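What follows is a short report on a single structure.
Numbering (mature numbering (1 follows the signal peptide of the UniProt record, and there is no 0)), first residue to last: -27 to -1, 1 to 118.
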């Protein structure tokens, strides 16, 4: 006859171990977009690094609020829905919504898009590089009013 050997852990230790085992990794890069101020703040490992003007969705074309992670990265992308408009350094985070560069620099700092988050192309390239190096899972995108 064989006997099974089982180590019984106290309940609190077992719960703590399971929470640690299944907790998502902490985001090393946090991109916070504030639609009311039309600004993007980027922190790396908890330290503020960048603060840039952006353009979010204009009236009738809202940018969604919430917490997201990058779904798709594309250095060169063109909108199939909006006149083949260029979307350099696109970071898609929710369906067709993306953070990307724009060449309409005079519109930065105010709502102007069809829902995407636009920023200066050089800033978009910097952010794209950070996300590409860190990985999609290590990046959190927070969008608030």
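Glycine residues also receive a C-beta, built at the ideal position from the N, C-alpha and C atoms. Keep in mind that this is a model prediction, so the values were computed, not measured.
In this structure, the straight-line span from the alpha carbon of residue 96 to that of residue 105 is close to 14 Å. Between residue 61 and residue 49 the beta-carbon gap is near 6 Å, inside 8 Å, which marks them as a contact. Per the C-alpha coordinates, the member of 11, 58 and 43 positioned closest to residue 3 is 43. Leaving aside the five residues that flank residue 57 on each side, the residues in its chain whose CB is nearer than 6 Å to its CB run, in chain order, 51.
Only residues of its own chain outside the window of five on either side were considered, and among them 66, 67 and 114 have a CB closer than 6 Å to the CB of residue 41, listed in chain order. The Cβ-Cβ distance between residue 73 and residue 34 does not fall below 8 Å. Here residue 79 is exposed, its C-beta having fewer than 16 other C-beta atoms within 10 Å. Secondary structure of residue 27 (DSSP, three-state): coil. When the five nearest sequence neighbours on each side are left out, the beta carbons in the same chain lying within less than 8 Å of the beta carbon of residue 83 are those of 11 and 28, in order along the chain. Taking a 10 Å sphere around the C-beta of residue 117, we find fewer than 16 other C-beta atoms and assign the residue as exposed. Taken in chain order, the unbroken stretches of alpha helix (DSSP H) that lie wholly in the region 73 to 113 and span 4 residues or more are 94 to 107.
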